[in-house]
Structure formats: C-alpha cells, structure tokens
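A.B. asks: The structure follows.
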Amino acid sequence: MVQINLEQREITIKIVYYGPALSGKTTNLQAAHKILDPNIRGRLMVLDTSDDRTLFFDLMPVYFKTSSGFTVKVKLFTAPGQVMHNSTRRIVLQGADGVVFVADSQKSLSQANNESWRGMASNLKVNGIDINEVPLVIQFNKRDLPEIRPDSEIAEVADKGKEPVFKAVAIRGEGVMETLDGILRLTWKTMNARFGLEEKLQIQEDAFIKHILKDSGLPTASRNLQSRGDLR
Amino acid sequence: MSRVTSPAEDTSVLQRRFSLGELLDLDSFRDVCESFADLFQIGFKIFDASREMLVDMKGSGNEFCAYIFSQPQGKIQCTRGVGIIRELEAAVGQPVYHDCFSGLRYLIAPLIHEGESIGKIVFGPYLPAESADSPLPALGEKFKADIASRLRGKARRVQEDVVRKVVRHLVQTIEVMLYVGYKNALTSRMHVESVSASYSELQSKNRALQDSYERLKELDRLKSNFLATVSHELRTPLTSVIGYSEMLLEGLAGPMSDEQTEYLHTIMEKGDQLLGIITSILDFSKIEMGNLRLNRTMVNMIEIARSAVTTLMPIARKANVKIEFANVQDIPSILADGDKIRQVLVNLVGNAVKFNHQDGTVTVKVEVCSRPSLAAQENLPAALARPEQELVCISVTDSGLGIPADKLERIFDSFYQVDGSSTREHGGTGLGLAITRSLVEAHGGKIDVQSGIDQGSTFTVLLPIVGES
Amino acid sequence: MARILIVDDDTDILMLEEKVLTREGHEVQTVTSGEGALAAIKGREFDLILLDIMMPGIDGFEVSRLVKNEAQGKSTPVIFVTARDDSDSMREGFRSGGTVFLSKPFTANQLVRVVNSIIRG
Chain R
232 MVQINLEQRE
242 ITIKIVYYGP
252 ALSGKTTNLQ
262 AAHKILDPNI
272 RGRLMVLDTS
282 DDRTLFFDLM
292 PVYFKTSSGF
302 TVKVKLFTAP
312 GQVMHNSTRR
322 IVLQGADGVV
332 FVADSQKSLS
342 QANNESWRGM
352 ASNLKVNGID
362 INEVPLVIQF
372 NKRDLPEIRP
382 DSEIAEVADK
392 GKEPVFKAVA
402 IRGEGVMETL
412 DGILRLTWKT
422 MNARFGLEEK
432 LQIQEDAFIK
442 HILKDSGLPT
452 ASRNLQSRGD
462 LR
Chain V
33 MSRVTSPAED
43 TSVLQRRFSL
53 GELLDLDSFR
63 DVCESFADLF
73 QIGFKIFDAS
83 REMLVDMKGS
93 GNEFCAYIFS
103 QPQGKIQCTR
113 GVGIIRELEA
123 AVGQPVYHDC
133 FSGLRYLIAP
143 LIHEGESIGK
153 IVFGPYLPAE
163 SADSPLPALG
173 EKFKADIASR
183 LRGKARRVQE
193 DVVRKVVRHL
203 VQTIEVMLYV
213 GYKNALTSRM
223 HVESVSASYS
233 ELQSKNRALQ
243 DSYERLKELD
253 RLKSNFLATV
263 SHELRTPLTS
273 VIGYSEMLLE
283 GLAGPMSDEQ
293 TEYLHTIMEK
303 GDQLLGIITS
313 ILDFSKIEMG
323 NLRLNRTMVN
333 MIEIARSAVT
343 TLMPIARKAN
353 VKIEFANVQD
363 IPSILADGDK
373 IRQVLVNLVG
383 NAVKFNHQDG
393 TVTVKVEVCS
403 RPSLAAQENL
413 PAALARPEQE
423 LVCISVTDSG
433 LGIPADKLER
443 IFDSFYQVDG
453 SSTREHGGTG
463 LGLAITRSLV
473 EAHGGKIDVQ
483 SGIDQGSTFT
493 VLLPIVGES
Chain W
34 MARILIVDDD
44 TDILMLEEKV
54 LTREGHEVQT
64 VTSGEGALAA
74 IKGREFDLIL
84 LDIMMPGIDG
94 FEVSRLVKNE
104 AQGKSTPVIF
114 VTARDDSDSM
124 REGFRSGGTV
134 FLSKPFTANQ
144 LVRVVNSIIR
154 G
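Residue numbers (the working numbering), protein chains in the order written: chain R, 232 to 463; chain V, 33 to 501; chain W, 34 to 154.
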C-alpha cells in the first residue's frame, strides 16, 4: 500500500517482481541497477543462498526529489521463486502497489508459470489485494533461448488478456527498462486516480517517469496504456 | 503524521523504518569511531534522526573546550552552542559549518540511508587553519588567557579541504556499515517472519490432520459396530435353520423317511457352510481392521496338527482321500495361539483334500527345520540377522492338480480362486488362504508354497521357536 | 432334572431351546422379554437361566445384573445365548454376572452339553 506522508512530504511506492524460480526476476533488478542513474538508486540488496538462489528477496531503492520538494521512493523487490518459500513470497507481497510477473518463455516451463501465477493470486488475496485491481504487467523473459513460445503466440495472448505484455532477455538487459517503464506508468495512473498524486506531488506522469528512467533510451511520452480500472 | 495506510502495512516487515541505532552494532561501531578519532586527532559526535547522541568521541580540542566550559561565562555560551548544533540539519552534499565562540569550528554532515537522512555527524571541534591565531574570547576574570592559549594550541589545526575529505571518508564508511546493518536487520526479520508463517501453516495442517484422524477413528468405531451388528443379524436366523433341521433329523417331530433325512442333511450342510462363510468374512474383516488378538500359550504343534487332521477325516473319507502323518521327531512346544494355528491347518489340510484326485493322498509333516532367517520380519538388516534360523515347519502336501507358477503368489490374495471358478464350487469364499497367511504372519511366521502342474502342492507353515518370555 | 428359565424375543429359537431341553428331562419355562424374566424370577426359583442379549426393552445384560441383585437370583447361573461374540459384549456379559457364552447358531448337542456341565458343576 502506497505510503504517503504529507507532513514529511514523502511517498513510498512498492513494486514486486514475482514469478517461478529462475525466471529472471533478480536478473531484471541487476540489469536495472546497471542502467539507472547511480544518483537516484541505492545499492541492490540481494538476500540469497550460496548458489545464487533468492532466499528472501532482492531490494533496490530508487529515490528522487520533485521540484516541489516531495521525496519519492520507489522500492523494487523480487520475491523468491522456489516452491518452498511461499510464506516469504506472501510477506514480500504485502502492501505491493504494482507487480511485474516475470514468466519463463520456455515451453517446458509453462506449468511452472501457471502454478506461480496461481500462487500469486492466492498470496495477493491473503494480503487483501485484489488481483483485478492491482497494477500488473507480464514479462516473457529469456526470449533468447530455444524451445520458447513463439512471438506470434505471445502477441495473441497479449491481445486477449488485460495485462500489458513485454518481452525480454534480462540477462542482456533487453526489455528490462521497458517493463519497468510499463509498470511504473500503470502504477502511477492507478494511484493518481485513487490518491490524486499529480495534485499532491505537483508532478505529472511523464516527469515522474523521467526522474527515474532518464536517459535509459526509452521514449518518455505517455504511452497509450489504460489504467487498471478501464481495462475490464 | 498523516499517512495513507492499509492494515497490512502496519505489520509489513519490509516497510518498517529503522533508526540509526538499530542498524549499527554500536559496540563495534564505537571501536571504529575511536580508531578514527585517534587517527585524525579530532573528535566527533554522531546523532540519530531524533537527535539522540549515539557516539561521542573526544579529540585534541577536548582540553581547551573543557577549560572554556569550566568558566561560568563559557559554560553558558557553550551550552547555547551545543543547543544550536543539535538543531542543525545538513542537506545531502551540503555540509554545514558552525563556528564556536571559542574559535573552534564544527562541520555537520548528514548520514544518508535510502535517500534520506537517518542521523548526522558533528565533526570537531577543530582549529581552522586560517583562524589559528585569532584572539581568544573574553570570559571573565578567572579566565587565564595563557592557559587557554596553550590548550588551544593542542587542538588539531587543519585545512578546510582536508576536513571535508576526512568527513566524506568517515561518512562513506559509516554508510557502508549502515547498509550492512540494514541488510542484516531485514534478513533476520524475514527469517523470523518466514519461520512464524511456516509454523502457523504447520499448526493448521496438524489440526486438519488431527481432525482427519478423529474422523477415521470414528469411522473405524462405526465399522466395528457394524461388524458386530452384522454378525449378530446373520447368525440369529441361522440358529433356527440349523437348530430346526437338527430337531427334525433327531426325529423330534416324528419319524423321517430316508429321502427327508437326506434333504435335511443337505439343509444342515448348507447352513454350516453359510456359517463358515460368515465367520470367514468376519474374521477377515477383523484382521483387516487390525482387531485380531492372539491368545498365546505354550502349545505343541504335533497335537494341533493331529487335531486338525481329525476334524477333516470325515470329509477326507467322503472324498476318498487319505491323510497321512509323517512325523519322525519330537518338537519343542512354542508360544502360539493354538486355536488360530489349528484354524490355519484345517484350512490347509482342507484345501489339500478338496483340490485332490480320487485316491489321492495328503501328507502332513511337523518338524524342526532350518531356513533362511525371517529377518525381514524382524526389521533387522541382513548383516545383523542370523543367517539361518531354526523353525517349526508344518508342511501339508497333496497329490492334486498343482498350481501354475504364474498364479502361485496370487493364491494368498483375498477372494482369489486359482481356476477362476465361483467360490461355490469348492465351498470356499476365497478368503481362506488370505486369513491363513495373516494368522501365520501375526505369529511372526511365514507361509511357503511349492507347486507344479500335476505334481501337487506343498504348503509349509514356518513358525519361530518362541518360548515363554 | 433342573428348572430352567429361557429368555429370548425370537419365539422360534425359544421353541427350539425348549424342545431340546425338555427332551433331556428338564423343566423349562419360557419368556419373551427381560421384563417377563424378572417377573418369572420373583415367582419361583430356577437352577439356570438361558439369556438372549439383544431384546427390545431391557437387554440381557441388564436382566442378568438385576437377577444377580435379587436375593433369589444371586446364585443362579446365567448362560448368555447370543450371536454377539465380540470381546466388548463378552466383557460386559461376564461383568454382569454371566457364567458362560454360548454362540448362536448352536447345535442341540452343544446346548445340552453346556447346560449339563453347568447343572452338574
């Protein structure tokens, strides 16, 4: 749940990267860490095991101050993918303002994707978050591997579904910023509609995005992404 | 403080703000600070966001400050200065200076965590190089300028750019320690939360299991009840069938013709058969439900075997089959349920008679034999078990049709008949061998079978030699 | 020659037992309920009671307990004649004062043997 502290003039937004084990959630954050301006992001905190499996979560804070003096903090989390860590996933999802579902493009892992999605729906529910209301984008990662669901299939699925869909090869940094841009915009739109952020922070969507993504090579003009409420 | 929050947020481990003190291991942190102060010969203080002082390092300017403070005038001004410093907040990248009336200077820099100030470091007092020789303040009569001057000389004199470098270094070191502390704090928090959550899950799963267990126990109880009731209901009418047939046979209702007698024998036979089937089924159910209780006493198997054979003599005679006893030795008495073993032998010998040719033979042998140990049943690894064991072996051999090799293992299955015939053919339920095996195994024993087509079969009951304990 | 009370709600079985025991020379009285049994006991003394367990109204166990309480019935042996052969029933039977359990169905010989052994013993 977005934390807005009007007295101290600060707002904290929580974005969670969720998905089956090894789908590339941590990789997404690592790539973003490299690309984002070091002045607006903190260290990438990785709480993992000795064999690089996320144990609890990864966390990377992004922060900037608006010209109107508001401190905006966007905290990017990843939830651990391994099946046994469900209670941790539930805790990480608490108060999430936006979710990126990182799916593995490999055909053999469709089942894992689906199970992870179902788990996410359940965990969101337990946390009092409506999966139909929360800003949610899907990233099909590992587009560079063989035996993946073809682009045509992805495009079809993207059209039919309500969640914006992105393709990525996170390990090469491709598609990572696009996805981040997508979720940030969607989250902004939703929260703006609910809390009137534009008014309070005196800042518009494009400016908000520009503060974070700056020169990451993405067009900063607002895309034609509808807010969650309109898509149903 | 106005906040827009949801109930979940209050408990969210990851949203919690930590204070400076919580993120640092203060003991080791103070050690680091001491070595810094020692190295630069300049003291410093560290405050957290709520202006609590966490660290107070004295440096070379300490003696001078103490002397100033000892003067009543000095004390007042000092205290005021301290108050001002306390309130001073520096912004990121823009340190703030405070010049003390005594001529010493302080540099205040923020400590940043997650983009915001979590405390500040008040570096100093130090003697700015350019004001090293400025005049001392006038602090009243008792104030000895020469002492003050000498003490001030002890304070480290330093250039501004050096000061800035030192402070930046100090701040960076502290910020790394803050990050590590933060990481540790989050990790241990998450660990606790995860363990709690897992524990709760386990609790509720346990409760669910316990509920299941209770329900199953109840079902068991109902089944037991059902068995007792069914047993009763089936046997009560049989009492009349058998009883009245018997009365007729004994002539209690008048003399019977031969034909009538024959029919009555049939009725009684079928009544008995029905009783046998009911008993089998009930026995089997009891075994299945683990309700079988053995009544163990010291028994001699030769006697048991003879008794079983005696029971079957009439049937054997009718079927024109001879039962022979092939005994050569004495065998020790063993601890067993005599009735149940007798039941086992009646079943085996009965089968041997049933599945035999006309003029066939059944040979019963009771002896002590050596067999590979029944270790598997003792739950011992092969290494510890005795390689061979002495057992009481009771074998029943018939000269009948034999059992094909592929059916050999299945004959002990419940309701199985070798030739696929209905159980009516040989007057059985197909349960006999299943019950027999269960009874033998309940004694810690084993039952073996050897057979060949047209070569007859040999069933062997192996029982461990167990004495009174 | 003994005076035997037979209690069973199933009249066929009652008749069966009566015929068999009368043939042996015993004096037999029959009742079809627990209540009837208690009334009969009050009327006269018996050397043996053959008791069914499952009856509507007072069951066999209760009858046995009550009989054993009465001064007249205390020393009268009780044989439970019943199709109930589970250990719980047996335990209760012996606790309520029964001497023997005869399992239904029984043959005439079995019945006679058991009765004679109790009478003589």
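Think of the CB as a built atom: it goes at the ideal place given N, C-alpha and C, for glycine as much as any other residue.
Thinking just about the alpha-carbon of each residue, which of V/Ser312, V/Phe50, V/Gly75 is nearest to the one in arginine 62 of chain V?
C.D. replies: For the residues V/Ser312, V/Phe50, V/Gly75, the minimum Cα distance to arginine 62 of chain V belongs to V/Gly75.
A.B. asks: Per DSSP, leucine 494 of chain V forms a beta bridge with which residues?
C.D. replies: Answer is V/Cys425, V/Lys478, bridged to leucine 494 of chain V.
A.B. asks: Helix, strand or coil: how does DSSP classify serine 431 of chain V here?
C.D. replies: Coil at serine 431 of chain V, not helix or strand.
A.B. asks: If you measure from the beta carbon of serine 298 of chain R to each beta carbon in chain V, is any gap under 8 Å?
C.D. replies: No, serine 298 of chain R lies away from the interface with chain V (no Cβ there is under 8 Å from its Cβ).
A.B. asks: Does the separation of the CB atoms of leucine 183 of chain V and alanine 177 of chain V fall below 8 Å?
C.D. replies: Going by C-beta atoms, leucine 183 of chain V is not nearer than 8 Å to alanine 177 of chain V.
A.B. asks: Taking a contact to mean a Cβ-Cβ separation below 8 Å, would you say valine 341 of chain V touches valine 396 of chain V in this structure?
C.D. replies: Yes; because the gap between Cβ atoms is below 8 Å, this pair is in contact.
A.B. asks: With DSSP collapsed to three states, give me the class of leucine 440 of chain V.
C.D. replies: Three-state DSSP puts leucine 440 of chain V in coil, outside helix and strand.
A.B. asks: Residues of chain V with a CB under 9 Å from the CB of phenylalanine 94 of chain W: which are they?
C.D. replies: Within 9 Å Cβ-Cβ: nothing; phenylalanine 94 of chain W doesn't reach chain V, min ~14 Å.
A.B. asks: So, at 8 Å on beta carbons, what are the nonlocal neighbours of threonine 132 of chain W in its own chain, with the 5 sequence-adjacent residues on each side left out?
C.D. replies: So the qualifying residues of the chain are Pro110, Val111, Ile112, Ile151.
A.B. asks: Taking the alpha-carbon of aspartate 41 of chain W as reference, which of W/Asp118, W/Glu57, W/Ser136, W/Gly93 has the nearest alpha-carbon?
C.D. replies: Measuring from the Cα of aspartate 41 of chain W, the nearest candidate turns out to be W/Gly93.
A.B. asks: Can you name the residues that DSSP bridges to glycine 90 of chain W?
C.D. replies: Partner(s): none; glycine 90 of chain W has no beta bridge.
A.B. asks: Could you name the residues of the region 253-284 of chain R whose beta carbon sits closer than 7 Å to any beta carbon of chain V, in the order they occur along the chain?
C.D. replies: Within the region 253-284 of chain R, the residues whose Cβ lies closer than 7 Å to some Cβ of chain V are Gly273, Arg274, Met276, Leu278, listed in chain order.
A.B. asks: Taking the Cβ atom as the reference point for each residue, do valine 394 of chain V and aspartate 430 of chain V lie within a distance shorter than 8 Å?
C.D. replies: Yes, the Cβ-Cβ distance between valine 394 of chain V and aspartate 430 of chain V is below 8 Å.
A.B. asks: Leaving aside the five residues before and after valine 400 of chain V along the sequence, list all residues of the same chain whose C-beta is less than 8 Å from its C-beta, in chain order.
C.D. replies: So the list reads Gln361, Ile363, Pro364, Glu422, Leu423, Val424, Cys425, Ile497, once near-sequence residues are dropped.
A.B. asks: Nearest to leucine 471 of chain V by CA position, among V/Ser67, V/Glu84, V/Asp315, is which residue?
C.D. replies: It is V/Asp315.
A.B. asks: Count the other C-beta atoms from every protein chain shown that fall within 10 angstroms of the C-beta of tyrosine 231 of chain V, then say buried if there are 16 or more, exposed otherwise.
C.D. replies: Flag for tyrosine 231 of chain V reads exposed.
A.B. asks: According to DSSP, simplified to helix, strand and coil, what is cysteine 132 of chain V?
C.D. replies: Coil.
A.B. asks: In terms of residue numbering, what span does the beta strand (DSSP E) encompassing glutamate 399 of chain V cover?
C.D. replies: 393-404 is the extent of the beta strand (DSSP E) around glutamate 399 of chain V.
A.B. asks: Ordered along the chain, which non-local residues of its own chain (more than five positions away) have a Cβ less than 7 Å from that of alanine 73 of chain W?
C.D. replies: Once the five neighbours on either side are set aside, the close Cβ partners of alanine 73 of chain W are Leu38, Gln62, Val64.
A.B. asks: Out of curiosity, what's the CA-to-CA distance linking valine 114 of chain V and alanine 161 of chain V?
C.D. replies: The straight-line gap from Cα to Cα measures roughly 22 Å.
A.B. asks: Is the shortest distance between the beta-carbon of histidine 465 of chain V and the beta-carbons of chain W less than 8 Å?
C.D. replies: According to the sequence shown, residue 465 of chain V is leucine rather than histidine. By this cut-off, leucine 465 of chain V is not an interface position.
A.B. asks: Tell me whether the region 340-350 of chain R and the region 275-290 of chain R touch, counting them as touching only if at least three CB pairs, one residue from each stretch, are closer than 8 Å.
C.D. replies: Short answer: they don't touch.
A.B. asks: Going by the beta-carbon positions, is the gap between aspartate 391 of chain V and asparagine 327 of chain V smaller than 8 Å?
C.D. replies: For aspartate 391 of chain V and asparagine 327 of chain V, no; Cβs fall outside 8 Å.
A.B. asks: Any beta carbon of chain V sitting closer than 8 Å to that of tyrosine 294 of chain R?
C.D. replies: Closer than 8 Å to some Cβ of chain V, the Cβ of tyrosine 294 of chain R qualifies, so yes.
A.B. asks: Where does the unbroken alpha helix (DSSP H) through glutamate 241 of chain R begin, and where does it stop?
C.D. replies: First-last for glutamate 241 of chain R: 241-249, but that is the beta strand (DSSP E), not the alpha helix (DSSP H).
A.B. asks: Cβ atoms of valine 381 of chain V and valine 428 of chain V: under 8 Å apart, would you say?
C.D. replies: Taking 8 Å as the Cβ cut-off, valine 428 of chain V and valine 381 of chain V qualify as a contacting pair.
A.B. asks: Count the other CB atoms, across all protein chains shown, that sit within 10 Å of the CB of asparagine 379 of chain V; report buried if there are 16 or more and exposed otherwise.
C.D. replies: Result: buried.
A.B. asks: Phenylalanine 139 of chain W CB to nearest chain V CB: under 8 Å?
C.D. replies: Yes, contact with chain V.
A.B. asks: Consider the Cβ of valine 323 of chain R: report whether some Cβ of chain V lies at a distance smaller than 8 Å.
C.D. replies: With 8 Å as the cut-off, valine 323 of chain R counts as an interface residue toward chain V.
A.B. asks: For the region 55-71 of chain W, enumerate the residues whose C-beta is nearer than 9 Å to any C-beta of chain V, in chain order.
C.D. replies: Cβ contacts with chain V come from Arg56.
A.B. asks: My output table needs one value for alanine 452 of chain R: the three-state DSSP class, helix, strand or coil.
C.D. replies: Caution is warranted here: a pLDDT of 40 is assigned to alanine 452 of chain R, below 50, making its placement in the model unreliable, and the coordinate value is therefore given only provisionally. Three-state result, alanine 452 of chain R: coil.
A.B. asks: If distances are taken between C-alpha atoms only, which option among V/Gly151, V/Glu173, V/Cys132, V/Leu210 comes closest to serine 163 of chain V?
C.D. replies: It is V/Cys132 whose Cα lies nearest to the Cα of serine 163 of chain V.
A.B. asks: Quick one: which chain V residues come within Cβ less than 7 Å of leucine 135 of chain W?
C.D. replies: Going along chain V, no residue has its Cβ under 7 Å from leucine 135 of chain W, so there is no contact; the nearest lies around 10 Å.
A.B. asks: Might you give, ordered along the chain, the residues of its own chain that have their beta carbon closer than 6 Å to the beta carbon of tyrosine 214 of chain V, omitting 5 neighbours on each side?
C.D. replies: Hits under 6 Å: Leu55.
A.B. asks: DSSP state of glycine 350 of chain R, grouped into three classes?
C.D. replies: DSSP places glycine 350 of chain R in helix when its eight states are reduced to three.
A.B. asks: Could you name the residues that DSSP lists as bridge partners for valine 87 of chain V?
C.D. replies: Paired residues: V/Ile78.
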